[in-house]
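Residue numbers (the numbering used here): 919 to 1374.
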């Protein structure tokens, strides 16, 4: 986080006050249950409690942040994560905590010898109980593996769209002053596009905010792009500048901004655009504006221009295949992503620029992207300014990525591949976070019963 320009220790305290207590709350509630019912019931409740807290953090209005969930640590384990097509990422978090709870009970049973003064609830479980819990956990974990392996045996669709993803690796300093470096930026992406077209793709994708200014309101820039598109003779999806852009229903003099994906036909005509829906609080918009007087270290005085949020889940089409686009951190939000699939997307694109965060965020966002693919059984292609640009198949396998000297971040290049199409969807696509809601309901009941027991 300290890689982000303008980020200070004061901001770190603010984020710590939001994220830190969630872990403390888990320990507090776990201990509360253990003292009333015993450590074994508390350990059995722990997976539900953990999932409940993750679900709450992922649904807190403008503070919503389903980033770095426990499940995301397993993105390189395809047989395990197939469960998320039923439960979302929360099912994998549940599995991890369940295994650790069983290990906790096993350790207590064999190694913990409570002192005489220790309350009875903290005595280790009986051998019969321990064996039952460990065997039950092993069976459930085995079933997850079996389901995963059976799912991975299913064939990937033979229908594909040949696509090229560009990774310009435009320096962070250039991104802060794009007009000054407009010529360099456009030349960079033009050269990469001309190289990529040799692979005969049907679609070329530029990263988020790749253009150095307004496109549909800048005649010179629009002519440049139109000429390049006509020269290559293929479709383009281009992440336009983070500055003010054309939006239907807003006047050209609007000071609002919008983060946009523009879709060009091979003839150079703009066929449509997607406007980013889920904006970043305090950066792209001000939550509770006019209601909450935010301090200046969060909202600088004098800042007037913020982004215009989109409202439509826009789908584009190439050779009869429909696709949706999520911009930057929109890939983090499963509800937003699955709406595109429910609306008929055959594959999904994620255009992004994670160069503001150094290198750590690249791999976190990659892990999250893998889960979006598995949850909805749909291919995901990522075009990222500084990486990681890659193709992910509907089973969450990373097929290929842009690399240079064995590096996939902070390097330039392009990659061309076939994106498998998929319209089958999943239980999670159709029904969403049913599993997490059930976990939250059961956890709430347990807490209420524990309070009642404490009062008696």
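Ideal Cβ placement from N, Cα and C applies to all residues, glycine included.
TODO: For residue 1153, name the three-state secondary structure that DSSP assigns.
DONE: strand
Open item on the list: Which of the three DSSP states is assigned to residue 1192 in this structure?
Closed with: Of the three classes helix, strand and coil, the one that applies to residue 1192 here is strand, per DSSP.
TODO: For residue 1296, count neighbouring C-beta atoms within 10 Å of its own C-beta (all shown protein chains included) and say buried if the count is 16 or more, exposed if not.
DONE: buried
- [ ] Return the first residue and the last residue of the beta strand (DSSP E) that residue 1300 is part of.
- [x] Here the beta strand (DSSP E) through residue 1300 covers 1297-1302.
Task: The beta strand (DSSP E) enclosing residue 1267, as first and last residue numbers - done: For residue 1267, the enclosing beta strand (DSSP E) starts and ends at 1265-1270.
Open item on the list: Nearest by alpha-carbon distance to residue 1450: which of 1367, 1054, 1179, 1339 is it?
Closed with: The structure shown does not extend to residue 1450, since the chain is modelled only from 919 through 1374, so no value can be given for it.
Task: DSSP state of residue 1179 mapped onto helix, strand, coil - done: Residue 1179: strand per DSSP, three-state reduction.
TODO: Give a yes or no on contact between the segment 1009-1026 and the segment 1319-1329, applying the rule of three or more CB pairs nearer than 8 Å.
DONE: no
Open item on the list: Quick check on the burial criterion: 16 or more other C-beta atoms within 10 angstroms. Buried or exposed for residue 1171?
Closed with: Below a pLDDT of 50, predicted positions are generally treated as unreliable, and residue 1171, at 39, falls in that range; no measurement from the model is reported.
- [ ] May I have a chain-ordered list of the beta strand (DSSP E) segments no shorter than 3 residues that lie completely inside the segment 1035-1120?
- [x] 1078-1085
Open item on the list: Extract the residue ranges of the beta strand (DSSP E) inside the segment 1303-1371, only unbroken runs of 3 or more that lie entirely within it.
Closed with: 1308-1310, 1316-1319, 1331-1338
Open item on the list: Tell me the rounded alpha-carbon separation between residue 1374 and residue 1365.
Closed with: When rounded, the distance between both Cα atoms is 14 Å.
- [ ] Quickly, what does DSSP pair residue 1232 with across the bridge? List them, please.
- [x] In DSSP, residue 1232 forms no bridge with anything.
Open item on the list: Based on DSSP bridge pairs, tell me the residues matched to residue 1122.
Closed with: Bridge partners of residue 1122: 1082, 1154.
- [ ] Have a look at residue 1249 and residue 954 and give me their C-alpha separation to the nearest angstrom.
- [x] Residue 954 has its alpha-carbon roughly 41 Å from the corresponding atom of residue 1249.
TODO: Using three-state DSSP, classify residue 982 as helix, strand or coil.
DONE: It is coil, neither helix nor strand.
Task: Cβ separation of residue 1192 and residue 1243, assumed to be a contact under 8 Å, to the nearest whole Å - done: Contact between residue 1192 and residue 1243 holds: CB atoms are separated by about 5 Å, below the 8 Å threshold.
- [ ] Buried or exposed for residue 1194, please, with buried defined as at least 16 other CB atoms from any protein chain shown within 10 angstroms of its CB.
- [x] buried
- [ ] Return the first residue and the last residue of the alpha helix (DSSP H) that residue 969 is part of.
- [x] 957-975
Open item on the list: If you follow the alpha helix (DSSP H) that residue 1291 is in, where does it begin and where does it stop?
Closed with: 1278-1294
TODO: Identify every residue that forms a DSSP beta bridge with residue 1240.
DONE: 1235
Open item on the list: On the DSSP bridge list, what partners appear for residue 1245?
Closed with: 1269
Task: Alpha-carbon spacing of residue 1253 relative to residue 985, whole angstroms - done: 13 Å
- [ ] Rank 1177, 1154, 966 by C-alpha distance to the C-alpha of residue 1228 and give the top, closest one.
- [x] 1177
Task: Same chain, Cβ closer than 6 Å to residue 989, neighbours up to 5 away in sequence not counted - done: 1007, 1010, 1011
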